[in-house]
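*Asks:* Attaching a single structure in C-alpha cells format; questions to follow.
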Amino acid sequence: MTTLDSSILRPRLLEGSPTLRQITEDIARPLDARPTRSWFVCFALAVTALGLGAAAATYEVMTGIGTWGLNKTVGWAFDITNFVFWIGIGHAGTLISAILLLLRQKWRTAISRSAEGMTIFAVMCAGLFPLLHMGRPWFGFWIFPYPNSRGPLWVNFRSPLLWDVVAISTYFTVSLVFWYVGMIPDLATLRDRAVKPWKRELYGLLSLGWDGSRRTWTRYETLSLILAGLATPLVVSVHSIVSMDFATSVLPGWHATLFPPYFVAGAVFSGFGMVMTLLILTRKVMALERYITLRHLEAMAKILLVTGSMVGFCYLTELFMAWYGGNLYERAAFWNRATGPYAWAYWLMMTCNLFVPQLLWSKRLRTSVPVLFVVSLLVNVGMWFERFVIIVTSLHRDYLPSSWWMYKPTIVEIAILTGSFGLFFTCFLLFVRFLPVIAMWEIKGIAAAALHAREGH
Amino acid sequence: MGRELLVATFDHDEDLLASIRAARREGFAVEDAFTPSVVHGIEDALGAPPSRLPWITLAAGCAGLLGAALFQFWAADFDWPVNVGGKPPNSALAFLPITFEATVLLGGVATAVAFFVRSRLSPLAPPRLAVPGVTNDVLAVVFDLTGAEPGREPALRELLAGSRAREIRKESA
Chain H
136 MTTLDSSILR
146 PRLLEGSPTL
156 RQITEDIARP
166 LDARPTRSWF
176 VCFALAVTAL
186 GLGAAAATYE
196 VMTGIGTWGL
206 NKTVGWAFDI
216 TNFVFWIGIG
226 HAGTLISAIL
236 LLLRQKWRTA
246 ISRSAEGMTI
256 FAVMCAGLFP
266 LLHMGRPWFG
276 FWIFPYPNSR
286 GPLWVNFRSP
296 LLWDVVAIST
306 YFTVSLVFWY
316 VGMIPDLATL
326 RDRAVKPWKR
336 ELYGLLSLGW
346 DGSRRTWTRY
356 ETLSLILAGL
366 ATPLVVSVHS
376 IVSMDFATSV
386 LPGWHATLFP
396 PYFVAGAVFS
406 GFGMVMTLLI
416 LTRKVMALER
426 YITLRHLEAM
436 AKILLVTGSM
446 VGFCYLTELF
456 MAWYGGNLYE
466 RAAFWNRATG
476 PYAWAYWLMM
486 TCNLFVPQLL
496 WSKRLRTSVP
506 VLFVVSLLVN
516 VGMWFERFVI
526 IVTSLHRDYL
536 PSSWWMYKPT
546 IVEIAILTGS
556 FGLFFTCFLL
566 FVRFLPVIAM
576 WEIKGIAAAA
586 LHAREGH
Chain D
21 MGRELLVATF
31 DHDEDLLASI
41 RAARREGFAV
51 EDAFTPSVVH
61 GIEDALGAPP
71 SRLPWITLAA
81 GCAGLLGAAL
91 FQFWAADFDW
101 PVNVGGKPPN
111 SALAFLPITF
121 EATVLLGGVA
131 TAVAFFVRSR
141 LSPLAPPRLA
151 VPGVTNDVLA
161 VVFDLTGAEP
171 GREPALRELL
181 AGSRAREIRK
191 ESA
C-alpha cells in the first residue's frame with residue numbers, strides 16, 4: 136500500500152474516522168430523541184393518505200369492482216400498473232443487499248438496511264392490488280394450492296398468474312428473513328444501550344439473546360452468504376415471472392420474448408430511483424451525511440445510468456422489432472403508442488427513463504444532490520408511466536375494434552393508489568424511528584478495515 | 021465444578037487476533053470471543069472449522085425442488101387433470117418457475133431456522149454478555165484456565181498485556 140495511493144484502491148466509504156462507539160452513537164441517537172416536527176408532519180400526511188386509501192378500498196369491496204373502472208375492456212389498467220410499479224420498487228433492496236454483497240461492493244453497507252426495508256414495504260403495497268382486484272379479497276387464499284373440499288380442485292400450475300403468487304410470496308418471505316437476520320446484532324446493540332425499560336424489553340425480545348459470540352458470528356456470516364446467494368437468482372426470477380403475466384399472452388405489445396430482461400432492468404432502475412429519493416431525504420433529516428456520502432449517491436447514480444440505458448435500449452428494440460417483425464398488429468400497437476391518444480404518456484416515459492438519466496454521464500451533475508433528487512423523482516414518474524403505457528395502450532386497442540375503449544382512472548382508483556403511497560411512507564417513517572437505518576455492525580467492519588489500511592497493515 | 025475463566029478486552033480487532041494467535045501458540049485454551057462486528061480471520065486464528073449450515077441449505081433446497089416438482093406433476097397429471105387451453109397435463113416446462121421458487125423458499129427459510137436453533141437464539145433467551153459493551157465497542161476474548169498450573173495465569177496475563185489488552189479480569193463460572 137505504499138507505492139499506490141490507497142484512496143484509489145480503497146475509496147473512502149466514511150467521512151473522517153469515527154470510533155466504534157461514535158458509530159453506535161451517530162446511528163442510534165436519533166432513535167432516542169423525540170421525533171422532529173418535520174417527521175410528525177410527514178407522518179400525519181402519510182397516515183392521512185393511508186386512511187383515504189383504506190376508505191376507498193372499503194367502498195370498493197362493499198360496492199363491487201365496477202367502482203374501479205373494471206366495467207371497461209381495459210380491465211388491468213390501474214391496479215396492475217400499480218402492482219408492477221411497486222414490485223419494481225421492491226427490487227433495489229435485495230439487489231443491493233444480495234448481489235452487491237456477492238460482488239463485494241462495500242459501499243452497499245450504508246444503504247442496504249433502508250433499501251431492504253423499502254423492499255418489504257413496497258412488496259406489501261404491491262400485494263394489495265391483486266388482492267383488491269379479486270373483488271372478494273377474503274377468498275384470497277384460494278390462489279394457493281391447498282387440499283380443499285372442491286375435489287380437491289388444484290390451481291392451474293401452468294398459469295403465470297400462479298407463478299407470480301408463488302414468486303412474490305417467496306420473495307417477500309426471503310426478503311423479510313434477510314432483513315430481520317441482518318438486523319439482529321444491531322437490535323442487540325440497541326437493547327444494551329436502551330435506557331427506557333420498555334425499549335430494553337422490546338429490543339430484548341427482538342434481538343433473541345444475541346451476545347456477539349464468535350461461534351454465532353461464524354454461522355451468521357455463512358447464513359448471510361447463503362441467503363444472498365439464494366436471493367440473487369430469486370430477485371431476477373420475480374420480475375421475469377411478473378413480465379410473463381404479459382409475455383405469455385397473445386396481445387400485441389405484450390407478446391415479446393424481450394420482456395423478462397426488460398422488466399428486470401426496469402425494476403432495478405425504478406428501485407434505485409426510489410432508494411435515491413428516500414436516502415437523499417433520510418440522510419438530511421437524520422444527519423447521516425457522514426455515512427451516506429456523496430460517493431454512495433454517485434454510485435447509485437451510475438447504476439441508474441446503466442439500468443436506464445438498458446431500459447431505453449429495450450424500448451428501442453421493441454420499436455425495431457415491431458417494424459422488422461412484419462406483424463401488422465404489433466406494428467399498429469406501437470404506432471398507436473407513439474402517436475395515438477396516449478402518446479403523451481409514451482413520450483413522458485421516454486423522456487424520464489431514456490433521456491433524463493443520460494444527464495448522469497456528467498460527473499458534475501452526478502455529484503449534485505439537488506440534480507440527483509430531481510432525476511430520481513422523474514425516474515419514479517417515468518417508471519410508473521412505463522407500466523401504464525404497456526398495460527393501457529395494449530388493452531385499449533385490442534384485435535376487435537368493438538372492444539376499443541378509452542381508459543381514465545376513477546376517483547376510487549386514484550384514492551387507492553394514494554393509499555398505497557400512504558402505507559409505504561407510514562411504514563418507512565416508523566422504520567426510521569424505531570430501527571437503525573444503517574447497519575451499525577457492518578459499518579464497524581468497514582471502519583476497522585479503513586483503520587488497517589491507514590496503518591499499513 | 022467451578023471453571024476458571026480469564027476475560028481480556030481489546031479496542032481493536034488486530035490486537036484481539038494477535039493475542040489469540042499468541043495465546044494458542046503458548047497452548048492456552050480459548051473458550052470464546054465476543055465482538056460487536058465480524059472479525060475476519062478469527063476462524064483461522066482459532067483453528068475453528070467452518071459452519072455446516074450449507075448442508076442444511078442443500079438438503080432443504082433439494083426437498084423443495086423434488087417436493088414442488090412431484091406435487092405439481094401429481095396434482096396436474098393424476099389427481100385431477102384439467103384441460104387448460106389444450107395444453108398437455110404434464111406441462112413440465114411450465115412447472116419450472118414454481119419448482120425454482122419452492123427450492124429457494126425452503127432452502128432459505130430452513131437455513132435461517134437452523135441458524136436460530138444451532139446458535140440458541142430465541143426471544144426468551146436472556147443475553148449473557150461476557151463484558152458490557154461487546155455489542156457496542158468492546159472486543160473480548162475468554163480463556164479457560166480450569167485446572168491450569170499455578171504459573172500459567174501470570175504468563176497469560178503478561179502475554180495479553182503485551183498485545184495491548186485494555187482490561188484483564190478473572191471470573192469463575
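So the sequence lines, in the order shown, correspond to chains H and D.
If you're matching positions, the first sequence starts at 136 in this note's numbering and goes up one per residue.
If you're matching positions, the second sequence starts at 21 in this note's numbering and goes up one per residue.
Using N, Cα and C, we set each Cβ at its ideal position, and we do this for glycine too.
Would LEU489/H and PHE469/H be called neighbours here (beta carbons separated by less than 8 Å)?
*Replies:* Position 354 of the first sequence, counted from the start, is the residue given in the question as residue 489/H. Position 334 of the first sequence, counted from the start, is the residue given in the question as residue 469/H. Going by C-beta atoms, LEU489/H is not nearer than 8 Å to PHE469/H.
*Asks:* If we require 4 or more residues per run, which alpha helix (DSSP H) segments fall completely within the region 313-354 of chain H?
*Replies:* 332-341
*Asks:* Under 9 Å, CB to CB, which of the residues in the region 94-112 of chain D have a partner in chain H?
*Replies:* ALA95, ALA96, ASP99, TRP100, VAL102, VAL104, GLY105, LYS107, SER111
*Asks:* Taking the alpha carbon of TRP539/H as the reference point, which residue from VAL196/H, THR528/H, ARG326/H, ALA190/H has its own alpha carbon closest?
*Replies:* Walking along the first sequence from the start, residue 539/H turns up at place 404. The residue with the shortest Cα to Cα distance from TRP539/H is THR528/H.
*Asks:* Mind checking if THR155/D is an interface residue toward chain H, Cβ cutoff 8 Å exclusive?
*Replies:* Sequence index remark: in the second sequence, residue 155/D carries index 135 (1-based). Cβ-Cβ to chain H under 8 Å: yes for THR155/D.
*Asks:* Can you find a CB in chain H that lies within less than 8 Å of the CB of ARG278/D?
*Replies:* No answer is possible for residue 278/D: the residues shown for chain D start at 21 and end at 193.
*Asks:* Tell me which residues share the same chain as TYR481/H and place their Cβ nearer than 6 Å to its Cβ, disregarding the 5 neighbours each side in the sequence.
*Replies:* Within the first sequence, residue 481/H is the residue found at index 346, counting from 1. If we look at TYR481/H and ignore the five residues flanking it on each side, its Cβ neighbours are ARG472, ALA473, VAL524.
*Asks:* Rounding to the nearest angstrom, what Cα-Cα distance links GLY252/H and VAL258/H in this structure?
*Replies:* In the first sequence, counting from the first residue as 1, residue 252/H sits at position 117. In the first sequence, counting from the first residue as 1, residue 258/H sits at position 123. When rounded, the distance between both Cα atoms is 10 Å.
*Asks:* Just the Cα atoms here: how many angstroms apart are MET411/H and LEU116/D?
*Replies:* If you number the first sequence from 1, residue 411/H lands on position 276. If you number the second sequence from 1, residue 116/D lands on position 96. A direct Cα-to-Cα measurement between MET411/H and LEU116/D gives close to 35 Å.
*Asks:* Using only CA atoms, which one of GLU121/D, LEU86/D, ASP164/D, HIS60/D lies nearest to VAL300/H?
*Replies:* Here residue 300/H refers to the residue found at position 165 of the first sequence. Looking at the Cα atoms, GLU121/D is the closest of the given residues.
*Asks:* ASP64/D to PRO320/H, Cα distance in whole Å?
*Replies:* The count along the second sequence starts at 1 and reaches residue 64/D at position 44. The count along the first sequence starts at 1 and reaches residue 320/H at position 185. If I take the Cα positions, the gap works out to 22 Å.
*Asks:* What are the partner residues of LEU25/D, as DSSP defines its beta bridges?
*Replies:* Taking the first residue of the second sequence as position 1, residue 25/D is located at position 5. The partner list for LEU25/D (beta bridge, DSSP) reads ASP164/D, GLU191/D.
*Asks:* Does the beta carbon of LEU144/H come closer than 8 Å to any beta carbon on chain D?
*Replies:* Within the first sequence, numbered from 1, the residue matching residue 144/H stands at position 9. With a pLDDT of only 45 at LEU144/H, under the threshold of 50, the placement of this residue in the model should not be trusted, and no figure is reported.
*Asks:* Does ASP161/H come within less than 8 Å of chain D when only Cβ atoms are used?
*Replies:* Reading the first sequence from its first residue, position 26 is the one you call residue 161/H. Closer than 8 Å: no.
*Asks:* Taking only beta carbons into account, state which residues of the region 52-63 of chain D come closer than 9 Å to chain H, listed in chain order.
*Replies:* Sequence-ordered contacts of the region 52-63 of chain D with chain H read ASP52, ALA53, PHE54, THR55, PRO56, SER57, VAL58, VAL59, HIS60, ILE62, GLU63 [C-beta pairs closer than 9 Å].
*Asks:* Closer than 8 Å by beta-carbon distance: list the chain D residues that pair up with VAL309/H, in chain order.
*Replies:* On the first sequence, position 174 is the one that residue 309/H refers to. Residues of chain D passing the Cβ test: VAL124, LEU125, GLY128, VAL129.
*Asks:* What residues from chain D crowd round ILE376/H, counting only those whose CB sits closer than 7 Å?
*Replies:* Locating residue 376/H in the first sequence gives position 241, where the first residue counts as 1. Contact note: ILE376/H reaches chain D through PRO117, using a C-beta cutoff of 7 Å and chain order.
*Asks:* Using beta-carbon positions only, say whether TYR426/H and ALA245/H come within less than 8 Å of one another.
*Replies:* By 1-based counting over the first sequence, the position of residue 426/H is 291. By 1-based counting over the first sequence, the position of residue 245/H is 110. It is a contact, given that the beta carbons lie within the stated cut-off.
*Asks:* Are the beta-carbon atoms of ILE188/D and LEU25/D separated by less than 8 Å?
*Replies:* As a working mapping, residue 188/D is identified with position 168 in the second sequence. As a working mapping, residue 25/D is identified with position 5 in the second sequence. Not a contact, by the Cβ cut-off of 8 Å.
*Asks:* Can you name the start and end residues of the beta strand (DSSP E) that ASP52/D belongs to?
*Replies:* Counted from its first residue, the second sequence places residue 52/D at position 32. Where ASP52/D is concerned, the enclosing beta strand (DSSP E) stretches over 49-54.
*Asks:* Count the other C-beta atoms from every protein chain shown that fall within 10 angstroms of the C-beta of PRO108/D, then say buried if there are 16 or more, exposed otherwise.
*Replies:* For the purposes of this step, residue 108/D is taken as residue 88 along the second sequence, with counting starting at 1. Counting Cβ neighbours within 10 Å, PRO108/D comes out exposed, since fewer than 16 surround it.
*Asks:* For chain D, find out if any of its Cβ atoms is closer than 8 Å to the Cβ of SER384/H; answer yes or no.
*Replies:* Locating residue 384/H in the first sequence gives position 249, where the first residue counts as 1. Cβ-Cβ to chain D under 8 Å: no for SER384/H.
*Asks:* Got a sec: is the Cβ-Cβ distance from ALA583/H to anything in chain D below 8 Å?
*Replies:* The sequence position of residue 583/H within the first sequence is 448, counting from 1. At least one chain D Cβ lies under 8 Å of ALA583/H.
*Asks:* With H, G and I counted as helix, E and B as strand and the rest as coil, what does DSSP make of LEU144/D?
*Replies:* As a position in the second sequence, residue 144/D is number 124, starting the count at 1. In the structure shown, LEU144/D sits in coil (DSSP, three-state: anything other than H, G, I, E or B).
*Asks:* Note down the Cα distance separating LEU288/H from TRP100/D, rounded to an integer number of angstroms.
*Replies:* Taking the first residue of the first sequence as position 1, residue 288/H is located at position 153. Taking the first residue of the second sequence as position 1, residue 100/D is located at position 80. The alpha-carbon separation between LEU288/H and TRP100/D amounts to approximately 7 Å.
*Asks:* Roughly how many angstroms lie between the CA atoms of CYS82/D and ALA38/D, to the nearest whole one?
*Replies:* The count along the second sequence starts at 1 and reaches residue 82/D at position 62. The count along the second sequence starts at 1 and reaches residue 38/D at position 18. C-alpha separation (whole angstroms): 42 Å.
*Asks:* Whole angstroms is fine: what's the gap from GLY67/D's alpha carbon to ALA49/D's?
*Replies:* In the second sequence, counting from the first residue as 1, residue 67/D sits at position 47. In the second sequence, counting from the first residue as 1, residue 49/D sits at position 29. Looking at the two C-alpha atoms, the distance is approximately 12 Å.
*Asks:* Grouping DSSP H, G and I as helix and E and B as strand, with all else coil, what is LEU423/H?
*Replies:* As a first step, residue 423/H is located in the first sequence; it is residue number 288 there, counting from the start. Residue state, collapsed to three classes: coil.
*Asks:* Helix, strand or coil: which one does DSSP assign to HIS32/D?
*Replies:* Start at 1 with the first residue of the second sequence, and residue 32/D comes out as number 12. Three-state result, HIS32/D: coil.
*Asks:* Can you find a C-beta in chain H that's less than 8 Å from the C-beta of ARG44/D?
*Replies:* Locating residue 44/D in the second sequence gives position 24, where the first residue counts as 1. Judged by the 8 Å Cβ criterion, ARG44/D is not in contact with chain H.
*Asks:* Rounding to the nearest angstrom, what Cα-Cα distance links VAL478/H and SER497/H in this structure?
*Replies:* Position 343 of the first sequence, counting from 1, holds the residue named residue 478/H. Position 362 of the first sequence, counting from 1, holds the residue named residue 497/H. Sequence inspection shows Ala at residue 478/H; the Val mentioned does not correspond to that position. The alpha-carbon atoms of ALA478/H and SER497/H are separated by roughly 30 Å.
*Asks:* Which word fits LEU237/H, buried or exposed, when buried means at least 16 other C-beta atoms lie within 10 angstroms of its C-beta?
*Replies:* Here residue 237/H is taken as the residue at index 102 of the first sequence, counted from 1. It counts as exposed.
*Asks:* Would you verify that the beta carbon of ARG177/D is, or is not, closer than 8 Å to some beta carbon of chain H?
*Replies:* Residue mapping note: residue 177/D aligns to position 157 of the second sequence, counting from 1. Closer than 8 Å: no.
*Asks:* Expressed to the nearest angstrom, what Euclidean distance is found between the alpha-carbon atoms of ALA582/H and LEU432/H?
*Replies:* By 1-based counting over the first sequence, the position of residue 582/H is 447. By 1-based counting over the first sequence, the position of residue 432/H is 297. Distance between the alpha carbons of ALA582/H and LEU432/H is about 19 Å.
*Asks:* When burial is assigned at 16 or more other CB atoms within 10 Å of the CB, is THR171/H buried or exposed?
*Replies:* On the first sequence, position 36 is the one that residue 171/H refers to. With fewer than 16 other Cβ atoms within 10 Å, it is exposed.
*Asks:* Leaving out five residues before and five after GLY408/H in sequence, what residues of the same chain have Cβ atoms less than 6 Å from its Cβ?
*Replies:* The count along the first sequence starts at 1 and reaches residue 408/H at position 273. Excluding residues within five positions, the ones whose Cβ falls inside 6 Å are SER511, VAL514, ASN515.
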